[in-house]
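Asker:
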Amino acid sequence: MKAFAFTIDVVKQLINHGVEDEVIEKMKMDVQEFFKLPLEKKNVYAQPPNSIEGYGQAFVVSEDQKLDWGDMLFLVPLPPSQRSMRLWPENPTSFRETLDKYSSELHRVSLNLLKSMAKNLGVNPDKFASMFEDGRQGIRMNYYPPCEHADKVIGLTSHSDASGLTLLVQVNEVKGLPSQEKWEMDSY
Numbered sequence: 448m449k450a451f452a453f454t455i456d457v458v459k460q461l462i463n464h465g466v467e468d469e470v471i472e473k474m475k476m477d478v479q480e481f482f483k484l485p486l487e488k489k490n491v492y493a494q495p496p497n498s499i500e501g502y503g504q505a506f507v508v509s510e511d512q513k514l515d516w517g518d519m520l521f522l523v524p525l526p527p528s529q530r531s532m533r534l535w536p537e538n539p540t541s542f543r544e545t546l547d548k549y550s551s552e553l554h555r556v557s558l559n560l561l562k563s564m565a566k567n568l569g570v571n572p573d574k575f576a577s578m579f580e581d582g583r584q585g586i587r588m589n590y591y592p593p594c595e596h597a598d599k600v601i602g603l604t605s606h607s608d609a610s611g612l613t614l615l616v617q618v619n620e621v622k623g624l625p626s627q628e629k630w631e632m633d634s635y
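Its first residue numbered 448, the sequence shown is counted upward by one per residue in the numbering used here.
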């Protein structure tokens, strides 16, 4: 098998991905409802020690470090055998079902996107996508509370994602990464 590596430094908006608007909107609504809960209710799903999964902050290593200006809920929906269901919110009551559906749709879109990328790289699309088919999927949901001095805080510390593919969905008008252009998905 031929090994290859590449870096993609492009932010694009994916259109015609086939995910129904209702699925995306329901996920956005459930995430917003979760982050509106009082702290003590969110802390029921707090990250266990030495884990990034659950509610809290990523990579807290010291009482003295500066934290990101935001809350995070990180869950592993795929494979189902790796789900930590005690960390999956039950409030709102539809959250678990919504995340399950959303996760399945992201998985499908991801495989199709990887096939499109492979085609453009001149690599066998099915063989390339199969390397990710049974992989681990993590979904990170962030909430950035209002801040009087937004220009003086970092919503999310500069980082690199340790994944084969990162898909972003913006829930509201809070600015995140800029979307530079639209990219239409090939159907598979």
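The C-beta atom is built at its ideal place from N, Cα and C for all residues, glycine as well.
Whole-angstrom Cβ separation of ARG583 and PRO526, contact assumed at under 8 Å?
Answerer: That pair is a contact at about 7 Å.
Asker: Indicate the three-state DSSP secondary structure (helix, strand or coil) for LYS524 in the structure shown.
Answerer: The question names Lys, yet the displayed sequence has Pro at residue 524. If DSSP states are grouped into helix, strand and coil, PRO524 belongs with the strands.
Asker: Note the first and the last residue of the continuous alpha helix (DSSP H) segment covering TYR502.
Answerer: Run containing TYR502: none in the alpha helix (DSSP H); it sits in the beta strand (DSSP E), 501–503.
Asker: Whose CA, out of ASN490, PRO592 and HIS554, lies closest to the CA of ARG533?
Answerer: Closest by alpha carbon: ASN490.
Asker: Mind pulling the alpha helix (DSSP H) runs of 4 or more residues that sit fully within the segment 533–597?
Answerer: Qualifying alpha helix (DSSP H) stretches, in chain order: 542–568 and 572–577.
Asker: Using a Cβ-Cβ cutoff of less than 6 Å, which residues in the same chain neighbour LEU612 once the five nearest sequence positions on both sides are dropped?
Answerer: Correct list, in chain order: SER557.
Asker: How big is the Cα-Cα spacing for GLY501 and GLY585?
Answerer: The straight-line gap from Cα to Cα measures roughly 11 Å.
Asker: Confirm, please, whether the CB-CB distance from LEU553 to VAL614 is below 9 Å.
Answerer: A quick correction: the sequence has Leu, not Val, at residue 614. Taking 9 Å as the Cβ cut-off, LEU614 and LEU553 qualify as a contacting pair.
Asker: Measuring alpha carbon to alpha carbon, tell me which residue in LEU486, MET474, TYR590 and VAL618 is nearest LEU520.
Answerer: That would be TYR590, whose Cα lies nearest to the Cα of LEU520.
Asker: Between the C-alpha atoms of LEU484 and PRO539, what's the straight-line distance to the nearest angstrom?
Answerer: Going from the Cα of LEU484 to the Cα of PRO539 covers about 9 Å.
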